[in-house]
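Chains as they are written, first to last, in the numbering used here: chain A, 8 to 159; chain B, 8 to 159.
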DNA sequence: TATTGTTATACTCTATAACTATA
DNA sequence: TATAGTTATAGAGTATAACAATA
């Protein structure tokens, strides 16, 4: 047995699976961001959470759950971490006092701006890698897959 | 503030990010498999590990690390769990006694066959969802992205 | 009674560091 | 010294269950 390089390992059907390539691409994207993100002390998941909060001031955790399909306890913990780092505030809203409206702090906006620059740089590298392949068709395909696999 | 449905939440630039759609599609795929896989007591990651082991009998952990880009301790723990469940064997190889060749047991082959059927059913659903979009172009695009983001 | 959110707890996945054994 | 693999430990990320506050 002497498999010196990855190409000599038989991955056969695995590499023909859509799901496998999807995972490879997704983990490559996360891994690529993880180092520069670490300096900002945010994760890719927190970046996307903060982006939604920025675009939707006073959004509630329940709304975020519909997007992320996580358990509410998971979301609560994630929010708590962002609040603890002073990136997000949780404000009592007028009306239903069970709701807590989420918004970015000034520090949160700064971190988000830096993270966004990193993400967009990666986006450009991915677009370049696509070459002649139509990006919009790719995006549409990914959305269709999400729709097909979604079960509510 | 009254955001009753997901579509009313402004996701704006987020949904235009390739990385975001990639993650959505990948987590949809995992989530979709998680329930049927739970009955087999394997994870999607274990499925792909077992597939590689099946195709490459007596493969070593070091070889798997080049494919998965994990820490060797992570791989060791993953292998140990599969061995503990009697799905994989770790055999001393002739020659260098530091290596342990991994192979599937009969039980491992059975579990893998059942898992493969589930994965391939999902693959067909994803292909159907693509409609007129060229699957091969998609696969090529994903491989290019992985290549572009890989740094060794 | 139902909903929003929190907390306690546990399991998985991952990495770092220190280790054993072999080379 | 270097490599293959293990173990101990710790940090994310996730879920379930039980809870408090509010409706």
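Glycine included, C-beta positions come from ideal geometry on N, C-alpha and C.
Taking Cβ-Cβ distances shorter than 9 Å, what residues in chain A pair up with residue i?
i, result
"residue 111/B", "By Cβ distance, chain A contributes nothing, its closest Cβ being about 14 Å from residue 111/B, past 9 Å."
Measuring only between beta-carbons, confirm whether residue i sits less than 7 Å from chain B.
i, result
"residue 116/A", "no"
"residue 57/A", "no"
"residue 31/A", "yes"
"residue 8/A", "The predicted position of residue 8/A is uncertain, since its pLDDT is 39 and thus under 50; no value can be drawn from it."
Taking only beta-carbon atoms, is residue i less than 7 Å away from chain A?
i, result
"residue 128/B", "no"
"residue 80/B", "no"
"residue 39/B", "yes"
"residue 25/B", "yes"
"residue 45/B", "no"
"residue 97/B", "no"
"residue 49/B", "no"
"residue 60/B", "no"
"residue 28/B", "yes"
"residue 151/B", "yes"
"residue 144/B", "yes"
"residue 13/B", "Unreliable placement is indicated for residue 13/B, whose pLDDT of 47 sits below 50; the coordinate value is still reported in the next sentence. True, the Cβ-Cβ gap to chain A drops below 7 Å."
Can you check DSSP and say which residues form a bridge with residue i?
i, result
"residue 95/A", "111/A"
"residue 74/B", "The partner list for residue 74/B (beta bridge, DSSP) is empty, contrary to what the question assumes."
Ordered along the chain, which non-local residues of its own chain (more than five positions away) have a Cβ less than 8 Å from that of residue i?
i, result
"residue 26/A", "none"
"residue 123/B", "54, 58"
"residue 65/B", "98, 100, 108, 109, 110"
"residue 39/A", "129"
"residue 8/A", "Legend: pLDDT at residue 8/A = 39, less than 50; position of this residue unreliable, no value from coordinates given."
"residue 143/B", "none"
"residue 22/A", "28"
"residue 74/A", "59"
"residue 13/B", "Low per-residue confidence applies at residue 13/B: pLDDT is 47, beneath 50, and the placement is therefore not dependable, though the value from the model is reported in the following sentence. Answer for residue 13/B: no residue qualifies."
"residue 145/A", "137"
Output needed for residue i: all residues of its chain with C-beta closer than 6 Å, excluding positions within five of it in sequence on either side, in chain order.
i, result
"residue 89/A", "95"
"residue 67/A", "106"
Can you name, in chain order, every residue of its own chain whose Cβ lies under 7 Å from the Cβ of residue i, other than the five neighbours on each side?
i, result
"residue 43/B", "125"
"residue 72/A", "79, 82"
"residue 49/A", "118, 122"
"residue 114/A", "93, 94"
"residue 37/A", "51"
Taking 6 Å as the cut-off, is the C-beta of residue i nearer than that to any heavy atom in the ligand HEM?
i, result
"residue 156/A", "As far as ligands go, the structure on display features none, and thus does not contain the ligand HEM."
Residues of chain A with a CB under 7 Å from the CB of residue i: which are they?
i, result
"residue 157/B", "35"
"residue 21/B", "55, 58, 59"
Which chain A residues sit within Cβ distance under 8 Å of residue i?
i, result
"residue 132/B", "155, 156"
Counting only Cβ pairs nearer than 7 Å, list the residues of chain B close to residue i.
i, result
"residue 148/A", "137, 140, 145"
Start-end ranges of the beta strand (DSSP E) lying completely within the region 36-77 of chain B, minimum 3 residues
none
Ordered list of beta strand (DSSP E) runs contained in the region 106-153 of chain A, each at least 3 residues
Counting only runs of 3+ residues, the beta strand (DSSP E) found wholly inside the region 106-153 of chain A occupies 107-111, in chain order.
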